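In terms of the numbering used here, the numbers along the sequence shown are unbroken and rise by one, the last being 285.
The structure under discussion appears below in the form of structure tokens.
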Amino acid sequence: MTLFDTHCHLDVEAFNGDRGAAFKRAHAAGVTAFLNPAFDLASSQRAAALAGQRPDVWAAVGVHPNDAGELDDAVLASLEALLAQPRVVAVGEIGLDYHWNRHPVDVAKAAFVRQIALARAHGVPVIIHCRDAMADALDVLAAENSGPGAVPVLLHAFSGDADQAREAIRRGYWLGIGGPLTYPRAETLRAIAQDAPLERLVLETDSPYLTPDPWRGRRNEPRHVADVAARLAVIRGIDLAEVAAATTQNAHSLFKIESSSAQANTR
Ligand SMILES: [Zn+2]
Numbered sequence: 019m020t021l022f023d024t025h026c027h028l029d030v031e032a033f034n035g036d037r038g039a040a041f042k043r044a045h046a047a048g049v050t051a052f053l054n055p056a057f058d059l060a061s062s063q064r065a066a067a068l069a070g071q072r073p074d075v076w077a078a079v080g081v082h083p084n085d086a087g088e089l090d091d092a093v094l095a096s097l098e099a100l101l102a103q104p105r106v107v108a109v110g111e112i113g114l115d116y117h118w119n120r121h122p123v124d125v126a127k128a129a130f131v132r133q134i135a136l137a138r139a140h141g142v143p144v145i146i147h148c149r150d151a152m153a154d155a156l157d158v159l160a161a162e163n164s165g166p167g168a169v170p171v172l173l174h175a176f177s178g179d180a181d182q183a184r185e186a187i188r189r190g191y192w193l194g195i196g197g198p199l200t201y202p203r204a205e206t207l208r209a210i211a212q213d214a215p216l217e218r219l220v221l222e223t224d225s226p227y228l229t230p231d232p233w234r235g236r237r238n239e240p241r242h243v244a245d246v247a248a249r250l251a252v253i254r255g256i257d258l259a260e261v262a263a264a265t266t267q268n269a270h271s272l273f274k275i276e277s278s279s280a281q282a283n284t285r
């Protein structure tokens, strides 16, 4: 069994003390590939560097909606330069966050739109962070990323309702499923994860955040993607091996990563 953690912030300080050990524990749990997204320019540089150092890590670069004020021409040019690296395979995480609302909506939307354009210019997927803003995020994506040249869309830590999930799937988006799947009140998410076509789902942890039960309250790490996979298998009534094979394959096609290159890197 091999699992792909499509969203883990392994570059952050929370892993400075035991990053190598966290990778080892992940591999021991069958989690052998990692996509490290970014939230600002500094984390984009760290994510790209980590992907350059480790053959089991790929990176996304981008500015999170909570940092949208940072996205000026110079930052955009720096992100563009990082996208030239072969293991930088996506733009993210980008989107809208009306929970924290750190910036005026027009500033947040402008940063979102500019980074969708950046992804389209490079033909790479976008990884979307969306909190309390799913309707607007879907509107922006419809306006800015449809027709010829549209890039794949991953709605990370999907938190929309059933209608929004259906609309996302109709458009061919991927839904990122993580620790919240295990939370007591996540009935809506479990129903979506049960009904969605398996081809549209990828797994993630969002480490060091969103730790699954029963570890909630502690730092999350990529090995817990195995717990998310196990829960998804129970919810769908299928074998864990089937969940692992399908979601890993989905991640490979989404990020255009060859299966052989991922497997050769198992350590
Ligand atoms: Zn994240």
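Using N, Cα and C, we set each Cβ at its ideal position, and we do this for glycine too.
None of these values were measured; they are calculated from a predicted model.
heavy atom of ligand 1 below 7 Å from H117 C-beta: no
Please indicate yes or no: does the CB of D224 lie closer than 7 Å to some heavy atom of ligand 1? yes
According to DSSP, which residues form a beta bridge with S225? C26
Could you give the DSSP three-state label for G121: helix, strand or coil? Per the sequence shown, the amino acid found at residue 121 is His instead of Gly. In the three-state reduction of the DSSP assignment, H121 falls in the coil class.
Three or more C-beta pairs under 8 Å: does that hold for the segment 56–73 against the segment 229–249? The segment 56–73 vs the segment 229–249: no contact.
May I have a chain-ordered list of the alpha helix (DSSP H) segments no shorter than 4 residues that lie completely inside the segment 51–138? 59–71, 91–100
In this structure, how does DSSP classify G235 when only helix, strand and coil are distinguished? coil
Suppose only complete runs of 3+ residues qualify. What are the beta strand (DSSP E) ranges in the segment 163–213, listed by chain order? With a minimum length of 3 residues, the continuous beta strand (DSSP E) runs that stay inside the segment 163–213 are 171–173, 192–195.
Taking a contact to mean a Cβ-Cβ separation below 8 Å, would you say A78 touches A108 in this structure? yes
So, does the segment 196–211 touch the segment 253–260, judging by three or more C-beta pairs under 8 Å? yes
Comparing alpha-carbon positions, which option in A175, A139, Q133 lies nearest Y191? A175
In this structure, how does DSSP classify I253 when only helix, strand and coil are distinguished? Correct three-state label for I253: helix.
Considering only the beta carbon of each residue, do P55 and H27 sit closer than 8 Å? yes
H121 to R241 span [Cα, whole Å]: 34 Å
Quick one: what does DSSP say V261 is sitting in, helix, strand or coil? helix
Whole angstroms are fine: how far does the CA of L258 sit from the CA of I286? Nothing about residue 286 can be reported from this structure: the residues present for the chain run from 19 to 285 only.
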